[in-house]
Every structure is written in structure tokens, then in C-alpha cells.
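Quick notes on the structure that follows.
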Amino acid sequence: GDSVTQMEGPVTLSEEAFLTINCTYTATGYPSLFWYVQYPGEGLQLLLKATKVDDKGSNKGFEATYRKETTSFHLEKGSVQVSDSAVYFCALSGDSWGKLQFGAGTQVVVTP
Amino acid sequence: DTAVSQTPKYLVTQMGNDKSIKCEQNLGHDTMYWYKQDSKKFLKIMFSYNNKELIINETVPNRFSPKSPDKAHLNLHINSLELGDSAVYFCASSRPGTSTDTQYFGPGTRLTVL
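The listed protein sequences correspond, in order, to chains A and B. At position 54 of the first sequence the residue is numbered 54 (the working numbering), and the sequence of numbers has no breaks. At position 10 of the second sequence the residue is numbered 10 (the working numbering), and the sequence of numbers has no breaks.
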């Protein structure tokens, strides 16, 4: 079945550092790919998405590119802020009803 | 205006009790979901309804029963609660029939079974 694997955390960074969170997937066909973010004590918010191969999703300085050859959707941000501290989830959806398959989540801690 | 709301936010109860969690969305979506997040933050879908019809029913104990009185509401009833049911339960909604559309999540209900 479909699955998502993302790097384990926590990832601890200093403010203004470069952030990469690796995400790879296994799926038949061409699923849609998502990054969701969960701030402490809150629900999930969509950060960005890509629905076609080679699409790049971007939002709030974060970017991720849908790569079919490496089955990856790595999340990057050039300069993180303390307010980016959160848990980041990579997810895919391969069926018409939008069922999301999540990775295990990666906690990111940004220190001043 | 809150897009997806859940009540209660916190629920503490004893083993063996029956409890319900309510979810409402005001986005005009036709599809709603329940997800369970365990203590390690792992998220897994439980159920989905489209226009009051059950369309996704993952391997979940039959003590869990979703109910959708209309397309804006999806409630989750849990019978005979067990310690392992302790988790955060998230409701979400989206437009129907598309895997590309964004799911909007509620703030979650933290269930603690003692």
C-alpha cells in the first residue's frame, strides 16, 4: 500500500539556519503530495502541496518539489525563524476521496 | 469565524464509559474525516463521510461509530472506552471527489482514558 517516510526528529537549528526535512513516498500512480505543519497545541495546517510531477509547492519561504525519479518531496527553507518551531508532516493522497497517508512527523526546534 | 470546530477540546473519562466528540464545518464542504493522532504524533485516518455517506472505513474497532446528521457535521461516538483510546482526535473537511484539494483540520480533541 501507499506509505510515506520522513526523517526522524527532533531537528534543532539556530535562527537563520537552512532547514531540510527529507520525505520519500511509495505509491502506485501519481499521488498528490502535501506538507502540513502542526504548531504546539494546535491542529494541522496545510503548508504547501504539489499535484503533478516536477511541480514546486511554496509558502512562507518553504519549498518542496515533486520528484518522481527519486519518489521524494523534501521540504526546504533558507532561513528559519523561532516561529517555525513545529512538527512537520509529509503526506500523500492517491485516491479520489482525498484519504491522506501521513509520515511520522518531524519536530523542528529553532533556537534564538 | 472558525472553519472546522470540535467539541470538547479536552475529554477525561474512565475506562468503560461511552463518550462522543462533535465536529462541525462551515466551509460548505461535502467530505469530512476523522483522524487519530497517538502519543508519538503519528496520524492515521479512521473514517470519512461524503454527503452523509460513509466512504472510508479503516480498520478501527467497532466500538467507534461515526455519525453524520448532515454534511456539515460528523460526530464520533466511542463505546466502552479503553486506555489505548487515549489520543488526540482530529476532524477535517474538504471538497468531495478530489485528492488534490486541501483538507482543513479542526483544533483536535484530546481524549484521556483513566
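From the three backbone atoms N, C-alpha and C, an ideal C-beta is built for every residue, glycine too. This structure is a prediction, so every number in the text was calculated from the model and none was measured.
N-terminal and C-terminal residue of the beta strand (DSSP E) that residue i is part of
i, result
"lysine 77(A)", "75-77"
"arginine 63(B)", "That residue, arginine 63(B), is in no beta strand (DSSP E); it is neither H nor E in DSSP."
"tryptophan 97(A)", "Taken as a continuous stretch (DSSP letters only), tryptophan 97(A) belongs to no beta strand (DSSP E), as it is neither H nor E."
"lysine 22(B)", "19-25"
"histidine 29(B)", "Element bounds for histidine 29(B): n/a, residue is neither H nor E."
"alanine 87(B)", "87-94"
"leucine 114(B)", "That residue, leucine 114(B), is in no beta strand (DSSP E); it is neither H nor E in DSSP."
"alanine 3(B)", "Run containing alanine 3(B): none; DSSP gives neither H nor E here."
"serine 85(A)", "Element bounds for serine 85(A): n/a, residue is neither H nor E."
Pairwise C-alpha distance: residue j and residue i
i, j, result
"threonine 7(B)", "methionine 15(B)", "20 Å"
"serine 93(B)", "serine 65(B)", "18 Å"
"isoleucine 21(A)", "lysine 9(B)", "30 Å"
"phenylalanine 62(A)", "aspartate 18(B)", "43 Å"
"lysine 41(B)", "leucine 76(B)", "20 Å"
"leucine 74(B)", "asparagine 26(B)", "12 Å"
"proline 69(B)", "alanine 17(A)", "49 Å"
"serine 58(A)", "leucine 83(B)", "40 Å"
"leucine 47(A)", "glutamine 103(B)", "11 Å"
"serine 20(B)", "leucine 114(B)", "16 Å"
"aspartate 85(B)", "lysine 36(B)", "9 Å"
"lysine 60(A)", "serine 80(B)", "44 Å"
"methionine 7(A)", "glutamate 24(B)", "34 Å"
"glutamate 109(A)", "glutamate 15(A)", "The sequence given here places valine at residue 109(A); glutamate does not occur at that position. Cα to Cα, valine 109(A) sits roughly 10 Å from glutamate 15(A)."
"glutamate 76(A)", "lysine 56(A)", "11 Å"
Nearest-angstrom beta carbon gap, residue j and residue i [assumed within contact, 8 Å]
i, j, result
"aspartate 2(A)", "glycine 98(A)", "Actually they do not touch by this definition, with Cβ atoms about 13 Å apart."
"valine 4(A)", "glutamine 101(A)", "6 Å"
"threonine 109(B)", "tyrosine 89(B)", "5 Å"
"valine 80(A)", "leucine 13(A)", "6 Å"
"threonine 112(B)", "valine 12(B)", "5 Å"
Beta-carbon neighbours of residue i, restricted to chain A and to distances below 8 Å
i, result
"glycine 108(B)", "Glu42, Gly43"
"serine 5(B)", "The contacting residues do not exist; serine 5(B) stays about 10 Å from chain A at best."
"phenylalanine 90(B)", "Gly43, Leu44"
"serine 123(B)", "The question about residue 123(B) has no answer here: the residues shown for chain B are numbered 1 through 114."
"threonine 31(B)", "Trp97, Gly98"
Chain-ordered neighbours of residue i on chain B, where CB pairs are closer than 9 Å
i, result
"alanine 17(A)", "Residues of chain B passing the Cβ test: none, with the nearest at roughly 23 Å."
"leucine 46(A)", "Thr102, Gln103, Tyr104, Phe105"
"phenylalanine 62(A)", "Under the 9 Å cutoff, chain B gives no residues; its nearest Cβ is about 15 Å from phenylalanine 62(A)."
"valine 87(A)", "Lys41"
Where residue i meets chain B, residues with beta-carbon distance less than 7 Å
i, result
"glycine 113(A)", "The requested residue 113(A) does not occur in the structure, where chain A is confined to residues 1 to 112."
"phenylalanine 73(A)", "By Cβ distance, chain B contributes nothing, its closest Cβ being about 14 Å from phenylalanine 73(A), past 7 Å."
Partner residues on chain A for residue i, Cβ-Cβ distance less than 7 Å
i, result
"isoleucine 55(B)", "Trp97"
Contacts of residue i in chain A (Cβ-Cβ under 9 Å)
i, result
"asparagine 50(B)", "Trp97"
"isoleucine 45(B)", "Lys99, Leu100, Gln101, Phe102"
Proximity test, residue i beta-carbon vs the ligand HEM heavy atom, cut-off 6 Å
i, result
"serine 85(A)", "Ligands displayed in this structure: none; no statement on the ligand HEM is therefore possible."
- Does the segment 55-69 of chain B come close enough to the segment 37-47 of chain B that 3 or more CB-CB pairs lie under 8 Å? The segment 55-69 of chain B and the segment 37-47 of chain B touch, with three or more beta-carbon pairs separated by less than 8 Å.
- Task: Please confirm if the segment 70-88 of chain A is in contact with the segment 13-28 of chain A, defined as three or more CB-CB distances below 8 Å between the two stretches.
- Result: Between the segment 70-88 of chain A and the segment 13-28 of chain A, the count of Cβ pairs shorter than 8 Å is three or higher; the stretches touch.
- Query: Do the segment 78-87 of chain A and the segment 34-48 of chain A meet, that is, are 3 or more Cβ pairs less than 8 Å apart?
  - Reply: The segment 78-87 of chain A vs the segment 34-48 of chain A: in contact.
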